Amino acid sequence: MIFPHKTTSLVTNATFEDISVLTAIHRRSFERGWSASEFQSLLGDKLVNCLVLRRSGFRIKDQIIGFVLTRSVLDESEVLTIAMDPDFRKTGGGRHLMTDLMRKLYGDRVAKLFLEVDVSNKPALSLYQNLGFEKVGERKGYYHSDTGNPSLALIMQVELTATPRQHGNQAGGKEA
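Residue 49 in UniProt numbering sits at position 49 of the sequence shown; the count goes up by one each step and never skips.
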């Protein structure tokens, strides 16, 4: 083969032009996906930041395959939602997004990052724990499972005391 079909991934800030793709990915990822007007409102909020993971390569230009949306107040930030296109899960994209997010927040002098995760979402739990997040609370009955039964949400936090590069895979977490 003369030209290999290599793709590259890049994390950038979302724009209003990305809303239709963000909406589609969110709806494919969650039972109650957010609407375009909800994304429009959030992206217009000065406290909200949205990073998107773009994929480019042979016959592919800036395809958004995932995103993370956060709100920051003073020195704390909360993940409002994170979603990967189902066709691109288990490719390292979620780690790429979270690591870049943590670097950005550290550079913005954010001290703590919080998120909520369904206790039954084992891949997400594993990712967050590997990034240094620790459980700080619970919300009973917060999520609804496929069976219709309420599911427990874990509230997790990581202290952004160092850039992810300084801790390798333990981005922003404690040194092993």
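Heads up, the beta-carbon is just placed ideally off N, CA and C, and yes, glycines get one too.
Note that the structure is predicted; figures quoted are calculated from it, not measured.
Where does serine 29 fall in DSSP's three states? helix
Check whether chain B comes within 8 Å of alanine 111, counting only Cβ atoms and requiring the distance to be less than that. This model lacks chain B altogether; it includes just one protein chain.
Check the DSSP bridge columns for asparagine 49 and list the partner residues they point to. Thr70
Reduced DSSP category for arginine 54 - H, G, I as helix; E, B as strand; rest coil: Three-state result, arginine 54: strand.
Kindly indicate which three-state DSSP category residue 206 falls into: helix, strand or coil? It is not possible to answer for residue 206, since the shown part of the chain is limited to 1 through 176.
When Val117, Phe133, Leu97 are compared against asparagine 13, the one with the closest alpha-carbon: Measuring from the Cα of asparagine 13, the nearest candidate turns out to be Leu97.
In chain order, what residues of the same chain lie with their CB nearer than 6 Å to the CB of arginine 165, ignoring the 5 residues before and after it? The predicted position of arginine 165 is uncertain, since its pLDDT is 44 and thus under 50; a value taken from the coordinates is nonetheless stated next. For arginine 165, where only same-chain residues beyond five positions count, there are no Cβ hits under 6 Å.
Compute the beta-carbon to beta-carbon distance between leucine 152 and valine 119, rounded to the nearest angstrom, for a pair I have assumed lies under 8 Å. 4 Å
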